[in-house]
Structure formats: C-alpha cells, structure tokens
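Heads up: the sequence shown is residues 2 to 275, going by the working numbering. Don't be surprised by glycine CBs; every beta carbon is placed ideally from N, CA and C.
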Amino acid sequence: MIREAGSSSMPPNPKSVQLIPVPEPIGFDECGIYNIQKSDNCSIALSLEKLGIHKRYSPAHPSYITLEARLESFESWPSALKLRPQELADAGFFYTGLGDKTICFQCGGGLKDWAETDEPWREHALYFSNCGYLLQTKGREFVAEVLGKRPATLTPEEIKALAIPKDFSNVVKQCPQSASSSTSEEVSSLEANCSSVEENESSLTTPSIAVPSKSSVTKQVDDARACKICLTEEIGVVFLPCGHLVSCVRCAASLTTCAVCREPVVATVRAYLS
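Dropping the structure here:
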C-alpha cells in the first residue's frame with residue numbers, strides 16, 4: 002500500500018483498510034446492495050451526512066467504547082515508544098498487545114509503525130475518513146483538511162429536495178409595494194405610543210435587585226454546559242430523534258440511548274454553544 006510522504010504509521014495489513022466487511026446479503030436494505038441502484042432514501046441519508054447528521058452504527062469493538070477501557074489496553078504499551086497512549090485512546094484507538102498495533106473501536110481500522118511525530122487524529126482521518134467516531138468528534142472540515150480537499154456541500158437539487166432555501170434575499174422582494182402608503186400612519190401611531198410609555202416610566206420607581214456575583218454566575222453557566230455523564234467536558238452532541246443535548250462528544254460515543262428520556266439514539270449532530 003502506498004502512503005503519502007511524511008507519515009510513518011501503517012495499517013497492520015491491506016485488509017485493515019476495509020473498515021467493515023460486507024457479509025453475503027440475505028435481503029435488501031433501504032440503500033440496496035452491490036450492483037443495485039441506490040434508492041431515494043439512500044440519497045437523503047447522504048445529504049444528511051453533508052449537513053452534519055451522522056447515523057449511529059454499532060461499533061466494531063464495543064468493549065473498547067469508553068476512553069477508560071481503551072486506556073487500560075495500553076498498560077503493556079512499549080516504554081520505548083514516545084507516542085502517548087492518552088493521545089491514541091482519545092483518537093479512538095486501543096492497543097492490541099502486538100508491537101505497536103492499534104485498532105479503532107468504532108470503524109475497526111488498524112494502524113501500526115507509529116512515529117513520535119505522528120498525530121493520531123490526523124492518521125485516523127487519513128486512512129479511515131468515514132469513521133463515525135472521527136466525524137462526530139472532529140467534524141468533516143477537519144477530515145477534509147487532512148485529505149487536502151474541501152468538505153462536501155449540498156447541490157442545488159439536494160437543497161430543493163430538503164426544502165432548504167438557497168438564500169433568503171427573495172423574501173424581502175416579496176414585500177408588497179402597496180404597503181408603503183399605510184406605513185407612515187403606522188409609524189406615527191407607534192411614535193405616539195412610545196411617548197406615552199416614556200412619560201409613564203419617568204413616574205415609576207426602580208426596585209433594588211440583588212445582582213449575583215460573577216463567580217456564582219460563572220459556576221451556574223459551567224454547570225449548565227457540563228456533560229451530564231462525565232461532568233467535566235462541555236456538552237456538544239444532540240441526540241436524534243429525541244433532540245436532547247446532554248452529553249459531550251466523547252461520552253456520546255458510548256451511549257446507545259438518551260440519558261434523559263432513554264429513547265434509542267438513531268443519529269447525532271454536533272452542537273456548538275456560543
């Protein structure tokens with residue numbers, strides 16, 4: 002297998018690049034099988050992926066789904082290797098116990114021959130760019146940057162199919178021109194109401210309000226943003242279809258049901274709190 006220059010980690014063997022082996026089909030799924038034309042449902046699924054909505058798939062190695070379990074696998078990690086197990090485990094890899102061979106718990110992709118300068122997340126994206134854990138944690142923009150290409154965008158046809166307006170400038174153009182004649186009367190009425198409100202406000206007394214300290218406000222904000230599973234990281238994943246936002250990116254990978262309503266998690270989408 003040929004690799005790009007400047008990177009030294011290699012999959013254990015060429016077969017490891019095949020993320021999930023396809024068994025002999027016993028029927029037809031919604032997207033069809035080999036040599037069968039994709040259905041509309043499959044096209045919609047691909048469009049949702051471009052929107053950042055990732056369908057939840059079962060991990061290849063569920064026993065290593067948690068960060069703690071993956072870290073424990075590195076107890077026999079060779080001390081001569083300078084790459085930190087924390088970085089590898091955080092990127093989804095667990096140690097096989099053979100040489101420096103590591104495998105991703107989610108996609109099952111394996112890498113070995115790690116160098117001190119290798120970045121596990123970048124190597125993960127380089128070889129296994131479709132890994133669900135990778136996409137949920139780092140995002141398509143990161144993967145696209147590693148692969149040296151721009152992230153996939155929706156085509157006009159896909160936008161129309163999803164009923165997403167291409168731009169909202171036409172909304173302004175739809176305002177009726179005839180409304181201009183009544184606008185001046187409405188503005189005059191509003192100005193009169195505002196003057197009346199200002200006069201009434203001048204006669205009111207403002208009650209004293211206890212302002213909470215900055216430290217208490219910060220703590221409340223931190224508590225509200227904290228992952229309800231690990232209580233340390235910031236929440237960042239919305240569970241679908243229930244829509245609850247209760248987990249950080251890493252804890253979300255280990256949950257199959259929502260921590261609030263216990264509804265099965267079918268898909269996830271990243272959320273960024275401002």
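query, result
"Touch test, the segment 104-119 against the segment 238-249, Cβ-Cβ under 8 Å, three pairs minimum", "no"
"Cut-off 7 Å between Cβ atoms - residues of its own chain near I98, not counting five sequence neighbours on either side", "Position check: residue 98 holds Gly in this sequence, whereas Ile was assumed. Hits under 7 Å: S77."
"Beta-carbon spacing of K112, E124 below 8 Å", "At residue 112 the sequence reads Leu, which differs from the Lys that was named. Yes, Cβ-Cβ distance for L112 and E124 is below 8 Å."
"Beta-carbon proximity check, A272 vs I66, cutoff 8 Å", "no"
"Whole-number beta carbon distance between L274 and R226, since they are thought to touch under 8 Å", "6 Å"
"Those residues which DSSP pairs with E235 across a bridge", "A227"
"Where the alpha helix (DSSP H) containing T138 begins and where it ends", "G133 to K139"
"Other residues of its chain near T269: CB distance less than 8 Å, five sequence neighbours each side excluded", "I54, H55, R57, Q137, V238, V239, F240, L241 and A253"
"Reference G93, options K83, G100 and G109, closest by Cα", "G109"
"Exposure label - P79; buried when at least 16 CB within 10 Å", "exposed"
"Buried versus exposed, by CB contacts within 10 Å (16 or more), P265", "exposed"
"Boundaries of the beta strand (DSSP E) in which A268 is found, first to last residue", "A268 to R271"
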